[in-house]
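Going by our numbering, the first residue of the sequence shown is number 7, and it counts up by one from there. Note that CB positions come from ideal geometry on N, CA and C, so glycine has one too.
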Amino acid sequence: MNFQQTSKSILATVLVLGTVVFVNGCGKSVEVARVDSGKEIALTDKWNDEDSRLVAEEMINDMLSYPWISQFNQRFPGKEPLVTVQRVRNKSHEHIAVDTFVNDIKRAVIRSGKAGFIATLEERQDTRAELADQDMNASADTRMEMGEEDGANFALSGTINSIVDQLDGQRVTYYQVDLKLINLQTAREVWNGSKKIKKFMERKSFSF
Numbered sequence: 007m008n009f010q011q012t013s014k015s016i017l018a019t020v021l022v023l024g025t026v027v028f029v030n031g032c033g034k035s036v037e038v039a040r041v042d043s044g045k046e047i048a049l050t051d052k053w054n055d056e057d058s059r060l061v062a063e064e065m066i067n068d069m070l071s072y073p074w075i076s077q078f079n080q081r082f083p084g085k086e087p088l089v090t091v092q093r094v095r096n097k098s099h100e101h102i103a104v105d106t107f108v109n110d111i112k113r114a115v116i117r118s119g120k121a122g123f124i125a126t127l128e129e130r131q132d133t134r135a136e137l138a139d140q141d142m143n144a145s146a147d148t149r150m151e152m153g154e155e156d157g158a159n160f161a162l163s164g165t166i167n168s169i170v171d172q173l174d175g176q177r178v179t180y181y182q183v184d185l186k187l188i189n190l191q192t193a194r195e196v197w198n199g200s201k202k203i204k205k206f207m208e209r210k211s212f213s214f
């Protein structure tokens with residue numbers, strides 16, 4: 007084998023070895039395991055499912071402890087107060103699944119047995135479209151009548167805000183959830199609640 011052929015052989019070997027090292031160097035081992043959905047797993051300081059559940063439960067417990075509900079029960083004995091959600095706006099620095107938070111609120115209210123929920127305006131519009139279709143196509147003994155909806159007595163709305171303070175690998179994230187309940191008949195604000203969460207995260211360096 008002459009010098010030129012030897013050089014080409016060595017170069018080819020180096021390229022092959024380089025490719026193998028590159029592939030091995032970039033290869034990652036991924037492990038996935040199913041865990042209990044009720045177990046909190048916080049990988050970052052971002053808003054997570056446990057924050058959503060705990061905030062919803064604590065705020066609803068506070069809301070149901072205010073006088074508005076006993077006053078309603080005294081005025082309308084045997085009648086369940088009905089609540090609708092107008093809007094909960096995410097004004098924080100990150101994406102938050104507001105629908106999940108609203109559903110946590112609904113579950114907390116319904117579980118209490120002290121109040122019920124009316125569908126949102128969008129959901130009611132879908133329901134009315136279904137009733138209109140039934141009116142045209144369903145048999146008389148199975149169709150649901152339009153104009154029989156329950157009206158909401160109270161409207162719930164609020165915001166989710168956040169503040170982030172960061173320096174040299176350390177970060178403090180502060181969340182504040184504000185909710186209010188309005189009597190739709192009188193437009194009076196009968197409850198105003200606030201819940202604050204503060205999270206600290208430190209990025210540590212590792213030496214090998």
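Review point. When the Cα atoms are used, what is the spatial distance from I116 to R59?
Key: Spanning the alpha carbons of I116 and R59 requires a straight line of approximately 14 Å.
Review point. Which of the three DSSP states, helix, strand or coil, is assigned to S163?
Key: Three-state result, S163: strand.
Point to revise | I116, enclosing alpha helix (DSSP H) - first and last residue | key: Looking at the DSSP string, the run of the alpha helix (DSSP H) that includes I116 is V104 to S118.
Check your understanding: What's the gap between the Cα of K97 and the Cα of T148?
Key -> So the alpha carbons of these two residues sit roughly 45 Å apart.
Exercise for review: List the DSSP bridge partners of V36.
Suggested key: Answer is none; V36 lacks a bridge partner.
Exercise for review: Provide the residue span of the alpha helix (DSSP H) that contains L70, from first to last.
Suggested key: Run containing L70: D55 to L70, per the alpha helix (DSSP H) assignment.
**Study point:** M150 - containing alpha helix (DSSP H), residue span
**Key:** Judged by DSSP secondary structure, M150 falls outside any alpha helix (DSSP H); it is assigned neither H nor E.
Check your understanding: Hey, S163 and V183 are a contact pair by Cβ (cut 8 Å); roughly how many whole angstroms apart?
Key -> Contact between S163 and V183 is ruled out by a C-beta separation of about 12 Å, above the 8 Å threshold.
Review point. Using a threshold of 6 Å, is the CB atom of F107 nearer than that to any non-hydrogen atom of the ligand COA?
Key: For the ligand COA, the structure offers nothing, since it holds no ligand at all.
Check your understanding: Using a Cβ-Cβ cut-off of 6 Å (strictly less than) and excluding sequence neighbours within five positions of E195, which residues of its own chain qualify?
Key -> Hits under 6 Å: K186 and I188.
Exercise for review: Tell me whether the beta-carbon of K112 lies closer than 7 Å to the beta-carbon of L70.
Suggested key: One thing to note: K112 has its Cβ no nearer than 7 Å to the Cβ of L70.
Check your understanding: Looking at C-beta atoms only, is the number of pairs between the segment 170-179 and the segment 148-158 that lie closer than 8 Å three or more?
Key -> Short answer: they don't touch.
Check your understanding: So is V91 buried or exposed if we call it buried at 16+ other beta carbons inside 10 Å?
Key -> Buried, because 16 or more other Cβ atoms sit within 10 Å of the Cβ of V91.
Check your understanding: Where does F82 land, buried or exposed, given buried means 16+ other C-beta within 10 angstroms?
Key -> Classification for F82: exposed.
Practice item. Report yes if the C-beta distance between K205 and D51 is below 7 Å; otherwise report no. Key: Yes, the Cβ-Cβ distance between K205 and D51 is below 7 Å.
Review point. According to DSSP, which residues form a beta bridge with D184?
Key: According to DSSP, which records beta bridges pairwise, D184 is partnered with T165 and S200.
Point to revise | Span of the alpha helix (DSSP H) around Q77 | key: Taken as a continuous stretch (DSSP letters only), the alpha helix (DSSP H) holding Q77 covers P73 to R81.
Exercise for review: Quick one: measure Cβ to Cβ for V170 and H101, integer angstroms, because I've assumed they're closer than 8 Å.
Suggested key: Going by Cβ atoms, the distance from V170 to H101 rounds to 14 Å, so no, they are not a contact pair.
Exercise for review: Indicate the three-state DSSP secondary structure (helix, strand or coil) for R130 in the structure shown.
Suggested key: The answer is helix: DSSP assigns R130 an H, G or I state.
Review point. Does DSSP put D3 in a helix, a strand or coil?
Key: The question about residue 3 has no answer here: the residues shown for the chain are numbered 7 through 214.
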